[in-house]
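The next block holds one structure in the form of structure tokens; read it before the comments.
Residue numbers (this note's numbering): 1 to 187.
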């Protein structure tokens with residue numbers, strides 16, 4: 001089995017955490033934008049090869065890994081909803097990060113302003129949502145931690161306005177699988 005990705009990607013980090021949690025043997029292949037554009041139809045990371053199986057989205061990869069280990073991905077509707085809420089804000093922040101990095105002034109484009117507003121409203125909702133403050137962490141928790149770590153690393157969000165999220169983040173930082181996958185260990 002081979003997982004392709006970057007050490008800084010929050011989507012890849014979540015997959016790497018699941019690999020540590022499940023103990024599944026997998027080769028990690030660091031992959032840049034150019035290589036992912038050639039190997040994956042989505043032109044992004046992560047993607048996974050497992051024999052005849054080729055997966056191109058972190059959610060599908062995590063589901064595959066959990067099932068391979070005999071456990072479940074997002075075992076309840078509530079967990080799945082939390083996961084999707086985090087994923088929505090994560091996708092939005094990542095997209096705006098790359099758009100701004102390409103020199104686009106998002107303040108002049110109404111659609112991008114709506115996306116920026118989505119970030120704030122979703123963070124407010126997440127701040128009012130219960131997340132674990134100790135292991136075991138579910139996949140919604142792991143996705144939130146991966147997102148927050150990336151957003152902090154890239155200076156995208158000041159979480160001081162969201163005290164419950166900050167409390168969660170301080171807790172998950174002590175989780176071994178989370179700590180071992182920190183992007184800063186590989187920079």
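For each residue, glycine too, the CB sits at the ideal point set by N, CA and C.
Which same chain residues end up closer than 8 Å to residue 79 when comparing Cβ atoms and leaving out the 5 residues on each side of it in sequence? 138, 139 and 140
Alpha helix (DSSP H) segment containing residue 176, residue limits: 176–179
What three-state label does DSSP hand residue 29 in the structure shown? strand
State whether the stretch 109–120 contacts the stretch 55–66, with contact taken as three or more CB pairs (one from each stretch) at a distance under 8 Å. no
Relative to the C-alpha of residue 118, which residue among 10, 81, 100 and 96 is closest? 96
Hey, would you say residue 28 sits closer than 8 Å to residue 13, going by beta carbons? no
Okay, do the stretch 121–133 and the stretch 151–171 touch, 3+ Cβ pairs below 8 Å being the bar? yes
Collapsed DSSP secondary structure at residue 43 in the structure displayed: coil
Cut-off 6 Å between Cβ atoms - residues of its own chain near residue 133, not counting five sequence neighbours on either side: 171
Is it right to say residue 181 is buried, meaning 16 or more other beta carbons lie within 10 angstroms of its own, or is it exposed? buried
If we ignore side chains and look at the alpha-carbon of each, how far apart do residue 36 and residue 10 end up? 16 Å
Here's a check: name, in chain order, each residue in its chain whose Cβ is nearer than 7 Å to the Cβ of residue 88, leaving out the five neighbours to either side. 122
Using CA atoms only, rank isn't needed, just tell me which of 31, 52 and 175 is closest to residue 43. 31
Whole alpha helix (DSSP H) elements within the stretch 70–146, 4-residue minimum: 77–101 and 110–127
N-terminal and C-terminal residue of the beta strand (DSSP E) that residue 54 is part of: 53–55
I'd like to check one pair, residue 144 with residue 159: are the Cβ atoms closer than 8 Å? no
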